[in-house]
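>
In our numbering, the protein residues as written are 299 to 533.
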């Protein structure tokens, strides 16, 4: 039987199908833990550590979007936060749960598509995204923004690490139209300071900068090619 588009949600699902089947892709991506993937290391983002050190953020209720193997979720928990960490991949969440158990911290890991996540309004003091947003297709950006606005408390903080446009990690520069003409985001969309300010224009900008490179023996994760940003929701 021919499928019929009846509403806006049907349109979003149709456009999702143009890019790729996400769950299967990410399960395979995380299955081999020995791959030379920079963020597979068990270290928190250097910018996240800096936010705590500078007291720009304080312990509170945290929602992490696209938590992967859990390195930042575990760091939040070790710093006194109550953490809900979401990822689409059950394989990555198993790895993340093992890390949390090793560190003897409690993290509530949730397997879900971000756009099917049900959360209470204004529940979180902090929403954190390290490496998820640049995999969001253009037609889902409004849904992403709606989720962040809905879940974050007034005065709460939203932090993001994403591919820098034209950077060494990828950060492809494509128009929204090109994404659908080519049916691909080419490994991840790239962003600039200006683009981030435009997309998150309803938030106060605390900081946008390049991620600092960390040495291999550092306790923190930091690589060239990512932009980090911290925003605050208006009170």
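Each residue gets a CB set at the ideal place from its N, CA and C atoms; glycine is no exception.
Helix, strand or coil for residue 466? Go by DSSP, reduced to three states.
coil
> Please report the residue range of the alpha helix (DSSP H) in which residue 492 lies.
491-497
> In the DSSP assignment, find the alpha helix (DSSP H) that holds residue 380 and state where it starts and stops.
Judged by DSSP secondary structure, residue 380 falls outside any alpha helix (DSSP H) and instead within the beta strand (DSSP E) spanning 380-385.
> Closer than 6 Å by C-beta to residue 328: which residues in its own chain qualify, once you throw out the five before and the five after it? Chain order, please.
387, 389, 390
> Determine the extent of the beta strand (DSSP E) in which residue 529 is found, giving its start and end residues.
524-531
> Pick out the complete alpha helix (DSSP H) segments inside the region 374-424, 4 residues or longer, and give them in chain order.
388-401
> Relative to the alpha-carbon of residue 357, which residue among 366, 346, 367 has its alpha-carbon at the smallest distance?
346
> If residue 429 sits next to residue 366, beta carbons under 8 Å apart, how far is it from one beta carbon to the other, in whole angstroms?
7 Å
> In whole angstroms, give me the CA-to-CA distance for residue 359 and residue 480.
Approximately 39 Å between the Cα atoms of the pair.
> Which residues in the same chain have their Cβ closer than 7 Å to the Cβ of residue 421, if we skip the five residues on either side of it in sequence?
359, 449
> Closer than 7 Å by C-beta to residue 341: which residues in its own chain qualify, once you throw out the five before and the five after it? Chain order, please.
369, 517, 518, 519
> Roughly how far, in whole angstroms, is the beta-carbon of residue 403 from the beta-carbon of residue 376, given that I think they are within contact range, below 8 Å?
6 Å
> Helix or strand or just coil, what does DSSP make of residue 427?
Here DSSP, grouped into helix, strand and coil, assigns residue 427 to strand.
> Per DSSP, what kind of secondary structure is residue 363 in: helix, strand or coil?
strand
> Looking at the unbroken beta strand (DSSP E) that takes in residue 337, where does it start and where does it end?
From DSSP, residue 337 is part of no beta strand (DSSP E); its letter is neither H nor E.
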